[in-house]
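Quick note on the numbering used here: the sequence shown kicks off at -2 and runs consecutively. Below: the structure, in structure tokens.
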Amino acid sequence: MTTAIRRAVPADAPALAELGAQTFIETFGHLYALEDLQTFLDESHSEDAYARTLANPAYALWIAERHGVAIGYAQAGPCGLPHPDVQPGDGELKRLYLRASEQNGGVGGQLFAEALRWLERDGPRTLWISVWSENFGAQRFYARHGFEFVAEYEFPVGNQRDREFMYRRPA
């Protein structure tokens, strides 16, 4: 099956909101009280949230589609992680999600590569990623691509705080 990966445009905000919410629920929904989950989805995965990101030239998103249906996406931009070594020019892979039915087929790697190419379009720079502490598959994936654990922090989902790991790859 052919998968098309392209840079997302403002008209993709509704599809990204649906895809972002669905993939977050598929992956992490079981961890949260319904109120905390809904608060997070309303703040981070609404059409307005994606529209704002798509309108900001400091950020870029890519969407993977198969037969016209969105199956995954990646989001990149300036690093916003709470680590004292983060510098103004550092980049961050902020999100990389695929529908559960599409995982382990290479699309995630393609989205990852697109995001890294964009992050390093002006030359190498330090890149950051944060990963849920118990997402071992993602941690192994990022380690294979040169990212090393540097610290942890609390990631808010509603009133809940998750243990999140920060990974960095030097320029």
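The C-beta atom is built at its ideal place from N, Cα and C for all residues, glycine as well. Because the structure is a prediction, the values reported are computed rather than measured.
In whole angstroms, what is the alpha-carbon distance linking Ser41 and Pro11? 13 angstroms
Would you kindly work out how many angstroms separate the C-alpha atoms of Gln100 and Gly17, rounded to a whole number? 15 angstroms
Beta carbon of Asp87, beta carbon of Trp59: below 8 angstroms? no
Based on DSSP bridge pairs, tell me the residues matched to Ile2. Ala61
8 angstroms Cβ shell around Gly172 - same chain, five flanking residues per side excluded: Lying before the first or after the last residue shown, residue 172 is absent from the chain, which here runs from -2 to 168.
Find the nearest neighbour of Glu62 within the set Val154, Glu145, Thr(-1) and Val128, judged by alpha-carbon distance. Thr(-1)
Residues near Thr36 in its chain [Cβ-Cβ closer than 6 angstroms; skip 5 each side]: Gly155
For the candidate residues Gly105, Gly26 and Glu15, whose alpha-carbon lies nearest to that of Tyr47? Glu15
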